[in-house]
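*Asks:* FYI, this note's numbering numbers position 168 of the sequence shown as 171, with every residue one higher than the one before it. Think of the CB as a built atom: it goes at the ideal place given N, C-alpha and C, for glycine as much as any other residue. What you are looking at is a predicted structure, and each value in this text was computed from that prediction instead of being measured.
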Amino acid sequence: MTEASRDCPERPRNSTVEELGFARKPMVRWLNPRQLLDTSARVVLSGIFGTYSDKRELQALMATEIYDRSDHEELWLDYVADLGDGWDPTYSVASLLAAEKLEVASDGRSYDTERGRILVMGGDAVYPVPKRADYENRMLGPYRAALPCTLDTHPQLFAIPGSHDWYDGLVNFTSVFCRRYWIGGWKTQQNRSHFALKLPHGWWLWGVDIQFGDYIDEAQVRYFSEVAEKHVAKGDRIILCTARAPGTGGSQPHLYAERNLQYFQREIIAPSGAELVLQMTSGRHHYAHYKETGGSHHHVNGGGGGAFLHPTHDLPEHLALEAAEGPPVGYEQVATYPSRASSRRLRKRLWLLPLRNPAFVAFLGSVQVFLALMLGLHRQRASESLGMADLWEAFWTSPTAVLLVVFMVIVLGGMVRFAHDAPGMTRILLGAAHSALQLASLAGLMIASSSITSALGLHGAVSVITFLGILAVLGGLGGAFGFAGYLWATNCLGFHANEAYAPLRIKDFKHFVRLHIDSAGTLTLFPIGVDKVSRRWELCTEGPAQDPWFRPERGELDAKLVERPFKVG
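#1: Measuring CA to CA, which of 106, 68, 143 is closest to residue 27?
#2: Can you grab the Cα-Cα spacing for the pair residue 497 / residue 394, in whole Å?
#3: DSSP three-state label for residue 360, please.
#4: If we call anything under 7 Å between Cβ atoms a contact, is residue 362 one with residue 17?
#5: Of the residues 160, 227, 247, 276, which one's Cα is nearest the Cα of residue 238?
#6: Locate the beta strand (DSSP E) running through residue 113, then write down its first and last residues.
#7: DSSP puts residue 161 in a beta bridge; with which residues?
#8: Pick out whichever of 129, 79, 114 has its Cα sitting closest to the Cα of residue 311.
#9: Is the number of C-beta pairs between the stretch 519–527 and the stretch 365–381 that are closer than 8 Å three or more?
#10: Starting from residue 268, trace the alpha helix (DSSP H) both ways and give me its first and last residue.
#11: Buried or exposed: where does residue 252 fall if 16 or more other Cβ atoms within 10 Å of its Cβ makes it buried?
#12: Going by the beta-carbon positions, is the gap between residue 334 and residue 293 smaller than 7 Å?
#13: Can you name, in chain order, every residue of its own chain whose Cβ lies under 6 Å from the Cβ of residue 1, other than the five neighbours on each side?
#14: Run the CB neighbour count on residue 113, radius 10 Å, all protein chains shown included, and call it buried at 16 or more, exposed below.
#15: How would you write the range of the alpha helix (DSSP H) that residue 233 sits in, first residue to last?
#16: Could you have a look at residue 141 and say whether DSSP puts it in helix, strand or coil?
#17: May I ask you to check if the CB of residue 354 is nearer than 6 Å to at least one heavy atom of the ligand PLP?
#18: Run through the DSSP bridge pairs and tell me what residue 303 is partnered with.
#19: Output the distance between the C-alpha atoms of residue 575 and residue 87, rounded to the nearest integer angstrom.
#20: Check this for me: beta carbons of residue 307 and residue 563, under 7 Å apart or not?
#21: What are the boundary residues of the beta strand (DSSP E) that includes residue 242?
#22: Excluding the five sequence neighbours on either side, which residues of its own chain have a C-beta within less than 6 Å of the C-beta of residue 184, listed in chain order?
#23: Could you check if residue 110 is buried or exposed, using at least 16 other CB atoms within 10 Å of its CB as the buried criterion?
#24: Residue 319: buried (16+ other C-beta within 10 angstroms of its C-beta) or exposed?
#25: From 439, 232, 478, 437, pick the residue whose C-alpha is nearest to that of residue 453; which is it?
#26: How many whole angstroms separate the CB atoms of residue 528 and residue 80, which I take to be in contact at a CB cut-off of 8 Å?
#27: Identify which residue in 565, 536, 570 has its Cα closest to the Cα of residue 559.
#28: For residue 414, report the span of its alpha helix (DSSP H) as first-last.
#29: Measure the alpha-carbon distance for residue 506 versus residue 85 and round it to whole angstroms.
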């Protein structure tokens with residue numbers, strides 16, 4: 004794994020974009036209206052044209068290649084996923100991965116670990132969308148800064164795409180990961196979006212590309228079938244990496260993912276005589292470890308590389324996953340990170356949603372003003388305050404009444420669609436309740452704004468401007484607090500894990516998983532986390548070329564084991 008050395012980059016003299024070569028980005032603001040429109044458009048387009056822009060069929064023209072790294076008595080390997088979001092969490096994790104040695108502790112015992120000779124990125128290397136600039140600023144830049152170069156043995160990097168990497172049909176993912184490309188001291192190796200990696204002592208790591216969670220293409224099936232038939236020996240043990248965590252939801256993509264993997268295990272792995280002993284997944288931005296009841300198979304979700312945090316308190320303590328053959332297989336929850344209690348406490352931050360998302364507040368306020376203008380409320384007399392009867396009359400006598408009815412129908416339909424993780428009638432009820440909440444809030448805030456304007460005793464254009472200004476402020480804040488209240492209540496009922504936690508942009512509780520195959524062929528997993536990432540960084544303008552460019556201002560990151568190391572296989 005030693006390759007010819009390359010020139011190390013010069014250390015930056017300051018932290019400007021020109022010196023660093025990238026911009027240090029904040030966490031993605033998912034409720035920013037512009038961001039919502041951009042992401043929504045890409046989701047829709049990728050859903051329509053995803054099949055036609057599938058680059059995997061072109062990759063299939065390349066020769067089947069396996070990556071043999073089995074010539075070591077022992078091997079360290081790192082796994083990280085869901086990473087390229089804000090600078091603070093992404094660089095915090097990258098700097099831990101880059102450290103040549105890392106000591107971590109659990110239950111009073113310390114363990115010495117080494118930087119992986121191989122780094123596997125398990126999906127969603129960038130957020131919110133896979134633009135080249137986002138790859139540079141949110142993933143490539145932080146990783147280059149954490150490990151600018153290596154002088155002797157160069158760690159290698161393999162990656163599989165997640166759903167966010169797929170929004171452009173893998174165009175930029177392919178250019179970053181599939182052309183022998185240096186990312187700081189790591190060098191990419193693969194020429195496809197999937198790979199088979201042969202490890203010491205009969206271990207394999209297979210990276211499977213499942214697109215948006217529901218599709219393993221025929222060319223990929225042929226690739227792994229050929230690997231299994233020609234290279235895998237009876238008794239070999241396989242680690243399977245995918246960018247979808249099965250069993251954590253009842254949506255169609257989850258069900259399709261499980262069925263695809265059952266087919267994969269039944270038709271490809273089982274005939275080879277190998278055993279699937281560990282499945283590593285991403286897509287949920289937390290750590291969760293499940294172990295087969297009465298068996299030896301483990302399932303680990305390791306999506307803590309830098310993206311916003313997902314909750315863990317909603318995870319089932321028991322899973323029943325369909326098996327390749329026979330009845331469903333039971334799994335017991337072993338550990339989560341953060342803990343269930345910490346996850347619930349973090350939910351309280353929803354009440355800060357309006358303060359943390361000012362663009363969303365402004366958008367809701369502008370919607371309130373627009374609707375008031377459609378109702379003609381700006382023509383009210385300043386000395387009179389509105390009542391519910393006045394609003395009702397304005398609604399039916401407005402020239403835009405038909406458009407307002409259409410708007411209400413769209414709101415209802417949108418709210419029902421928004422409650423996507425609720426089943427059947429529950430989804431309709433949640434959508435109707437959310438619609439009623441927002442419309443009632445809308446009416447109440449219009450009446451309150453009118454009352455305040457009337458009490459001020461203003462006249463003419465001043466009263467109109469004051470009314471609309473008060474409505475914009477109250478409407479924005481009221482709508483945002485109503486949205487936060489809906490998310491808080493429904494999350495207490497077990498829904499909206501993603502929608503409730505994404506706007507919070509929680510930087511902390513990040514992690515990665517370090518794997519070690521020892522000289523006896525035993526695989527041990529070290530899940531390494533950091534409760535609080537650094538927010539303030541000091542630029543290191545001097546030092547060895549391979550040292551990181553930034554270090555925390557307030558001492559080293561406090562890395563720890565999120566559960567005791569455990570053996571697999």
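*Replies:* The structure says:
#1: Along the sequence shown, one-based indexing puts residue 27 at 24. Here the closest residue by C-alpha is 143.
#2: Within the sequence shown, the letter at position 494 stands for residue 497. Within the sequence shown, the letter at position 391 stands for residue 394. Taking the straight line joining both Cα atoms gives about 36 Å.
#3: In the sequence shown, counting from the first residue as 1, residue 360 sits at position 357. Here residue 360 sits in coil by DSSP.
#4: Along the sequence shown, one-based indexing puts residue 362 at 359. Along the sequence shown, one-based indexing puts residue 17 at 14. Cβ distance not < 7 Å, so residue 362 and residue 17 don't count as in contact.
#5: Position 235 of the sequence shown holds residue 238. Nearest C-alpha to residue 238: 276.
#6: If you number the sequence shown from 1, residue 113 lands on position 110. Element bounds for residue 113: 112–117.
#7: As a first step, residue 161 is located in the sequence shown; it is residue number 158 there, counting from the start. Answer by DSSP bridge pairing, in chain order: 123.
#8: By 1-based counting over the sequence shown, the position of residue 311 is 308. Out of 129, 79, 114, 129 has the C-alpha closest to the C-alpha of residue 311.
#9: Flag = no, the stretch 519–527 and the stretch 365–381 do not touch.
#10: For the purposes of this step, residue 268 is identified with residue 265 of the sequence shown, where counting begins at 1. DSSP places residue 268 outside any alpha helix (DSSP H), giving it a letter other than H or E.
#11: Here the question's residue 252 lines up with position 249 in the sequence shown. Residue confidence for residue 252 is low, a pLDDT of 48 falling below 50, so the modelled location carries little weight and cannot support an answer.
#12: Within the sequence shown, the letter at position 331 stands for residue 334. Within the sequence shown, the letter at position 290 stands for residue 293. In this structure, residue 293 lies closer than 7 Å to residue 334 by Cβ.
#13: In the structure displayed, the chain extends from 4 to 572; residue 1 sits before or after that span and is not available.
#14: Taking the sequence shown and counting its residues from 1, the one referred to as residue 113 is at position 110. By the 10 Å Cβ count, residue 113 comes out exposed.
#15: What you label residue 233 is simply residue 230 of the sequence shown in a count that begins at 1. Per DSSP, residue 233 belongs to the alpha helix (DSSP H) from 221–233.
#16: Looking up residue 141 in the sequence shown gives position 138. Three-state result, residue 141: helix.
#17: For the ligand PLP, the structure offers nothing, since it holds no ligand at all.
#18: Looking up residue 303 in the sequence shown gives position 300. DSSP lists 283, 292 as the bridge partner or partners of residue 303.
#19: The structure shown does not extend to residue 575, since the chain is modelled only from 4 to 572, so the question has no answer here.
#20: Taking the sequence shown and counting its residues from 1, one reaches residue 307 at position 304. Taking the sequence shown and counting its residues from 1, one reaches residue 563 at position 560. No, these two residues do not count as a Cβ contact at 7 Å.
#21: Here residue 242 corresponds to residue number 239 of the sequence shown, with the count starting at 1. Per DSSP, residue 242 belongs to the beta strand (DSSP E) from 240–245.
#22: Translated into the one-based positions of the sequence shown, residue 184 becomes position 181. Same-chain partners within the cutoff: 191.
#23: Within the sequence shown, numbered from 1, the residue matching residue 110 stands at position 107. Residue environment for residue 110: exposed (fewer than 16 other C-beta atoms within 10 angstroms of its C-beta).
#24: Along the sequence shown, read from residue 1 onward, the residue named residue 319 stands at position 316. By the neighbour-count criterion, in which 16 or more other beta carbons inside 10 Å mark a residue as buried, residue 319 falls on the exposed side.
#25: To locate residue 453, count along the sequence shown from 1; it is residue 450. For the residues 439, 232, 478, 437, the minimum Cα distance to residue 453 belongs to 478.
#26: Along the sequence shown, one-based indexing puts residue 528 at 525. Along the sequence shown, one-based indexing puts residue 80 at 77. No, residue 528 and residue 80 are not in contact; Cβ-Cβ is about 10 Å, not under 8 Å.
#27: The sequence position of residue 559 within the sequence shown is 556, counting from 1. Closest option to residue 559, Cα to Cα, is 536.
#28: Here residue 414 corresponds to residue number 411 of the sequence shown, with the count starting at 1. Boundaries of the alpha helix (DSSP H) harbouring residue 414: 404–421, taken from the DSSP string.
#29: In the sequence shown, counting from the first residue as 1, residue 506 sits at position 503. In the sequence shown, counting from the first residue as 1, residue 85 sits at position 82. Approximately 16 Å between the Cα atoms of the pair.
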